[in-house]
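So the structure is just underneath, and the comments pick up after that.
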Amino acid sequence: MIVIAHLSDPHLDGTDVPRDRLRRITAYLAAFSTPVDVVLVSGDLADHGLLSEYDELAAELPTGVPVLVLPGNHDVSEPLRTGLAAYLDSPGTGHPIHQVREAAGARFVLVDTSVPNKDHGLLSADSLAWLDAVLREPFDGPTFVAMHHPPLTMHHPVMDQWLLLEQPALEAVLTGKPITAILTGHVHNPVVTSFAGHPVLGAPGIRSTVPLPFEPAPASGTIVDTDAAPGLALHIHHPGEPLQTFYRFP
């Protein structure tokens, strides 16, 4: 059995509120009778992409288990590479930060969908070629593709301005590949859908939640509900069985 704690969108910025919300999640994980096998944080690690914010995150991440991180649209490659160097295995010095990591008998293909200085997501032709080659490599175990921007339309007038663009090209690469699930963040909601024949499982936002257009509007007067409880996903893989996902809001 493999247990993946999937966190997303902590948006640390040096202030108490996002740090305390992340600590609610890490304290919950620390109380497990058996530690999870892997922790994945799927982007928007920092709110402004500052080195100090990545130093802050490094001090808050769980210890004693493999921790995997990838960028979101709020992240900036060079300070991320510096502040979280101990958590990365990605050649180069700038953008993009693609990784292939193996942990607990699983392979994690960590894809950087961010576009410098933009909020939408996009994978270049070079990135798609890299992803295609990686997914063609033989691997005896579950394979998870993780990216910040989900291949998803929320039908939300604001969030849909920041979609993952050119999805058909990504669909062509992913179709028919041996992928256990696609793990995402960005939309600050637990999401279960599918893309290219694979499950897509989105983690809740730690920093906030984004209500759907027909839900009650946040008291903040913005699109985000900063009072909603932070959450995470627990993905549980039993060999020979379908993947199970449980959402928790401690």
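Everything in the sequence shown is counted per my numbering, starting at 85 for the first residue and increasing by one.
Glycine is no exception: its CB is placed at the ideal position from the N, C-alpha and C atoms.
First and last residue of the uninterrupted beta strand (DSSP E) at residue i
i, result
"residue 186", "183-187"
"residue 194", "190-195"
"residue 227", "227-231"
According to DSSP, residues forming a beta bridge with residue i
i, result
"residue 309", "293"
"residue 331", "317"
"residue 282", "279"
"residue 268", "286"
"residue 130", "96"
"residue 303", "DSSP output for residue 303 lists no bridge partner at all."
"residue 152", "124"
"residue 199", "DSSP, once it has assigned bridges, lists no residue as partnering residue 199."
Sequence-distant residues of its chain with Cβ nearer than 7 Å to residue i (five each side left out)
i, result
"residue 322", "85"
"residue 134", "163"
Beta-carbon spacing of residue i, residue j below 7 Å
i, j, result
"residue 125", "residue 187", "no"
"residue 137", "residue 106", "no"
"residue 168", "residue 130", "no"
"residue 223", "residue 191", "yes"
"residue 264", "residue 207", "no"
"residue 279", "residue 235", "yes"
Bounding residues of the alpha helix (DSSP H) (the contiguous stretch that carries residue i)
i, result
"residue 208", "Looking at the DSSP string, residue 208 is not in any alpha helix (DSSP H), and its letter there is neither H nor E."
"residue 126", "Counting along the chain, residue 126 falls outside any alpha helix (DSSP H), though it belongs to the beta strand (DSSP E) covering 122-126."
"residue 256", "251-258"
Close Cβ partners of residue i (< 6 Å) along its chain, the five nearest in sequence each way excluded
i, result
"residue 139", "167"
Same chain, Cβ closer than 8 Å to residue i, neighbours up to 5 away in sequence not counted
i, result
"residue 102", "94, 95, 96, 131, 290 and 291"
_For the structure I just gave you, are there three or more beta carbon pairs, one from the region 205-220 and one from the region 281-289, closer than 8 Å?_
Between the region 205-220 and the region 281-289 there are fewer than three C-beta pairs closer than 8 Å, too few to call the two in contact.
*Cβ pair count under 8 Å reaching 3, the region 242-256 against the region 172-184*: No, they do not touch.
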